[in-house]
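Written out below as C-alpha cells is the structure these notes cover.
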Amino acid sequence: MTTRTAAGSTATHGVHRIDIPSATEDPAAYVSALLEVAGERDAFDVLAKTPVWAAQLFADLPTDLAETVPEPGEWPAAFIVGHLFDVDIVYGFRWRLVATEDNPVYPGYDERLWAPLPRLPFRQMLDAWTGLRASNVALLAALTPEDRQRTGRHGEQGGETMEVMIRKVIGHDIAHINQIYRAIRLVREAAGLDVAELDATYESLGLR
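Take the sequence shown: its position 124, counting from 1, is numbered 124 in the UniProt record's numbering, and each next residue is one higher.
Encoded structure:
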C-alpha cells in the first residue's frame, strides 16, 4: 500500500520514499519538486550535514553490499555517492561562475551518462565527496545577501538566482539521502541483516 505523505513523498510499507521528476524530461517540474523538498530548511545545516548523514547510513555496511543493485532500475548506494560527488563538481563550477560573472549561461548534463564513469573505490569516493562539499560550503558561507541574488541561466531550466541554486541542491541532497537509505535497506534485507538501526538512523535525520 502506498500513501501520499507530502508532494513528491510517499510511504510504501512504512518506508519513506521521495520521488523527483526527471530533470531532462520535465525541467520545470524537477526544479519545483526540489524546492518543495528543500522547504524552509537551513541551507548550511543541510549542505554541511549531508555527507555526515550518508556516512551514518553506510555505517557497518560491507562494501560489496554498497555496490549491489538493490532492485531493477535503481542505482547501488555507492553509485549515488558518486553522483553526489559529480553534482558538487557541477554546482561548484556554476556557483563560482555566477559569483564572478554577470548572468552567465551554463549547460545541463545527463547524469545517466556520468554515472558509469570510472570512480575511486567507494570509501575513498565518500571521503573525496566530503572534502569537496566542505570546500563548496566554505565558498557559499562567504557570500553576502547581495551575492545570493546574483543570477545565471541554466541551459535547460532557465534563469535562476544563486539562492535558488543553493536551495535546489538542498532538495537534491535530501532526495538522494532518501534514495541511499532505501537502497541500503533493500540490500540489508536481502542479505538477512537487521534494518532496525538503519531505520532509526534515518528517522533521526528528520527528513520526512
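From the three backbone atoms N, C-alpha and C, an ideal C-beta is built for every residue, glycine too.
Here the structure is a predicted model, which is why all the values come from computation and not from measurement.
Hey, is the region 179-187 in contact with the region 66-80, meaning 3+ C-beta pairs nearer than 8 Å?
yes
Please return the same chain residues whose Cβ sits closer than 6 Å to the Cβ of GLU156, not counting the five positions on each side in sequence.
PRO27 and GLY108
Per-residue DSSP class, three states only, for GLU203:
helix
State the Cα-Cα distance for the pair HIS83 and TRP114, rounded to the nearest angstrom.
8 Å
Any chance the region 15-34 sits against the region 126-145, with 3 or more Cβ pairs inside 8 Å?
no
Boundaries of the alpha helix (DSSP H) in which ALA63 is found, first to last residue:
It should be pointed out that residue 63 corresponds to Thr in this sequence rather than to Ala. Here the alpha helix (DSSP H) through THR63 covers 63-66.
Take GLU101 as the anchor and find which of THR151, ARG167 and ARG41 has the nearest alpha-carbon.
THR151
Is the beta carbon of ASP173 closer than 8 Å to that of THR50?
yes
List the DSSP bridge partners of ARG153.
VAL105 and GLY159
Do the region 160-171 and the region 38-54 meet, that is, are 3 or more Cβ pairs less than 8 Å apart?
yes
Per DSSP, what kind of secondary structure is ARG123 in: helix, strand or coil?
helix
If you run the structure through DSSP and keep just helix, strand and coil, what is VAL195?
coil
Output needed for MET125: all residues of its chain with C-beta closer than 7 Å, excluding positions within five of it in sequence on either side, in chain order.
VAL81, GLY82, PHE85 and ARG119
Given that a residue counts as buried once 16 or more other Cβ atoms are within 10 Å of its Cβ, and exposed if not, what is ASP88?
buried
Answer with buried or exposed for LEU207, where buried requires no fewer than 16 other C-beta atoms within 10 angstroms of its C-beta.
buried
Give the DSSP-derived three-state secondary structure of THR144 in the structure shown.
coil
Quick one: measure Cβ to Cβ for ASN136 and GLY171, integer angstroms, because I've assumed they're closer than 8 Å.
Incorrect: roughly 16 Å between the Cβ atoms, too far for contact.
Does DSSP classify VAL69 as helix, strand or coil?
coil
Between the C-alpha atoms of GLN179 and LEU117, what's the straight-line distance to the nearest angstrom?
20 Å
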